[in-house]
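Novice:
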């Protein structure tokens, strides 16, 4: 079966949905594809908020730009930083017009939070579940839009390029074109051809590649892997941000996030014997940037042989704590932890990818007609490390840029009609599901053990050798098996693991989130 849409959007987080709404409002037909339900996206789990300069009495664009450059270890692309910061207030207005309800104080002004690395209070939020508030509002708007067709439980297997017309496409091919994607209906297992004039990749992050992550299990890096296999450019994959404070509760996957705003609120990190330790690592103590805090916790845990540390808010007003963090309070209480009286057990978990599909200021990838936005893209905003709460605003600013640029060219493009149907002749169902599930577990163990918060040449080499074996086994299995979501996700996870390792091996320095024992950071005065 062949479907034709002017726009094909793969992914249903804030990036994909806000783009879909913008192009659909101009009368264009849009297919919005997501591999589970609309709410199953990293956006939904983002507790903290959205960074934007709104209080002009104390804050300004220059301060937000400087904070972002410092957090990114000066690896950020200044043009990208300026674009996001200066366009943020307008996109906040647009989110509000779609029904997003940001918290206000009694005077009717935004109730702004401050998070690590920010020099001012500038985080707009909705209690401690900002992402869910945004996601719910966008879902309602998308479902009510007559020009958007939503395909839930549909999985993109690969994007269509000249390769599918029999052309030999390499990384040196100058004019790779994207014509759409092969997409599987997960209920029937049938694979259809979706032809599009413009394709937008908005598949989110890669957290599920790691054993411990705050991401939903759908975050297997599908978009990045698909674009890489189609010979697109992928950049900065070594910069994986580990959230320092995920709730330590073995067996939970994903891990429940204890927002950074809790440290901004006055939370103190302690070892299991109740002692503070951040003074050993940074003068900003518990409000230091995430990479410093994550490494400090990792170091304390390794030195002491502990599985976690504590976050303490017991010295704060109990009613105030419950009011600010109702979801965290409820979740911890369900596990027998009263955060107003008890310390919260926390440990770092894979949280956010700063790299991804390389795009320009219009969100265009190196493949023509293919745009990428949100966490799967590498705009240059984050550089070596993401400043807290910059990601949701990046997603909407770049979705807006992608919408404007693609709308200006879409009417000059046509459908590529002679793409062959998906061919699975000579394949059969995989003999044993255990082969796939076991390999997925092994990838997670390899990545968490050897390619985590602290790395070394030896660890990366060991990870490379281990992953190579799984890669060969999986490709062999894929060629003789009927395509399934599980085996495709495994392939994508292996591709993503390879890219993180490859780019980590290539970076011969400790910089931003990439910290290696073989190249200790240069001490700054």
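Numbering (the numbering used here), first residue to last: 21 to 545.
Beta carbons are placed, not taken as given, at the ideal position from N, Cα and C, and that holds for glycine.
Tell me whether residue 545 is buried or exposed, calling it buried when 16 or more other Cβ atoms sit within 10 Å of its Cβ.
Specialist: One-based indexing of the chain shown puts residue 545 at position 525. Any reading at residue 545 is ruled out, since the residue's pLDDT is 45, under 50, leaving its predicted position unreliable.
Novice: Suppose you measure from the CA of residue 282 to the CA of residue 307; what does that come to, to the nearest Å?
Specialist: Stepping through the chain shown from its first residue, residue 282 is reached at position 262. Stepping through the chain shown from its first residue, residue 307 is reached at position 287. Going by the C-alpha atoms only, they are around 10 angstroms apart.
Novice: Can you give me the start and stop residues for the beta strand (DSSP E) that residue 29 sits inside?
Specialist: By 1-based counting over the chain shown, the position of residue 29 is 9. Under the DSSP assignment, residue 29 falls in the beta strand (DSSP E) whose first and last residues are 22–30.
Novice: Assign residue 485 to one of three DSSP states: helix, strand, or coil.
Specialist: As a first step, residue 485 must be located in the chain shown, where it is residue number 465. Helix, per DSSP.
Novice: Does the count of Cβ pairs from the region 267–283 and the region 417–430 closer than 8 angstroms reach three?
Specialist: no
Novice: Can you look up residue 491 in the DSSP assignment and give me helix, strand or coil?
Specialist: As a first step, residue 491 must be located in the chain shown, where it is residue number 471. DSSP places residue 491 in helix when its eight states are reduced to three.
Novice: Any chance the region 260–269 sits against the region 355–375, with 3 or more Cβ pairs inside 8 angstroms?
Specialist: yes
Novice: Classify residue 498 as helix, strand or coil using the three-state DSSP reduction.
Specialist: Residue numbering aside, residue 498 sits at position 478 when the chain shown is read from its first letter. Here residue 498 sits in helix by DSSP.
Novice: Start and end of the beta strand (DSSP E) containing residue 11?
Specialist: In this structure the chain extends from 21 to 545, so residue 11 is not present and cannot be described.
Novice: Write down the C-beta distance between residue 165 and residue 41 rounded to the nearest angstrom, noting that I regard them as a contact closer than 8 angstroms.
Specialist: Along the chain shown, read from residue 1 onward, the residue named residue 165 stands at position 145. Along the chain shown, read from residue 1 onward, the residue named residue 41 stands at position 21. Indeed, because the Cβ distance is near 7 angstroms, the residues count as touching under 8 angstroms.
Novice: Count the other CB atoms, across all protein chains shown, that sit within 10 Å of the CB of residue 96; report buried if there are 16 or more and exposed otherwise.
Specialist: As a position in the chain shown, residue 96 is number 76, starting the count at 1. Residue 96 is buried by the Cβ-count criterion.
Novice: If residue 250 and residue 181 are in contact, beta carbons under 8 angstroms, what's the gap, nearest whole angstrom?
Specialist: Taking the first residue of the chain shown as 1, we reach residue 250 at position 230. Taking the first residue of the chain shown as 1, we reach residue 181 at position 161. Between residue 181 and residue 250 the Cβ distance is about 5 angstroms, and since that is below 8 angstroms, they are a contact.
Novice: Taking only the alpha-carbon atoms, compute the straight-line gap between residue 409 and residue 301 and give it to the nearest angstrom.
Specialist: Against the chain shown, residue 409 aligns to sequence position 389. Against the chain shown, residue 301 aligns to sequence position 281. Annotation: residue 409 to residue 301 spans about 23 angstroms, alpha carbon to alpha carbon.
Novice: How many angstroms separate the CA atom of residue 406 from the CA atom of residue 203?
Specialist: Working through the chain shown from its first residue, we reach residue 406 at position 386. Working through the chain shown from its first residue, we reach residue 203 at position 183. Answer to the nearest angstrom: the Cα atoms are 32 angstroms apart.
Novice: Count the other CB atoms within 10 Å of the CB of residue 119; is the residue buried (16 or more) or exposed (fewer)?
Specialist: Within the chain shown, residue 119 is the residue found at index 99, counting from 1. Exposed, because fewer than 16 other Cβ atoms sit within 10 Å of the Cβ of residue 119.
Novice: Curious, which full-length alpha helix (DSSP H) runs of at least 4 residues does the region 504–542 contain?
Specialist: 505–526
Novice: First and last residue of the beta strand (DSSP E) that includes residue 290?
Specialist: Here the question's residue 290 lines up with position 270 in the chain shown. In the DSSP assignment, residue 290 falls within the beta strand (DSSP E) that extends over 288–290.
Novice: So the candidates are 94, 510, 102 and 69; which of them puts its Cα closest to the Cα of residue 82?
Specialist: Indexing the chain shown from 1 puts residue 82 at position 62. Out of 94, 510, 102 and 69, 102 has the C-alpha closest to the C-alpha of residue 82.
Novice: Does the separation of the CB atoms of residue 115 and residue 130 fall below 7 angstroms?
Specialist: Taking the chain shown and counting its residues from 1, one reaches residue 115 at position 95. Taking the chain shown and counting its residues from 1, one reaches residue 130 at position 110. No, the Cβ-Cβ distance between residue 115 and residue 130 is not below 7 angstroms.
Novice: Which whole runs of the beta strand (DSSP E) in the region 118–200 are 3 residues long or more, in chain order?
Specialist: 168–171 and 174–180
Novice: DSSP beta-bridge partners for residue 443?
Specialist: Here residue 443 refers to the residue found at position 423 when the chain shown is read from its first residue. BP columns for residue 443 are empty, so no partner.
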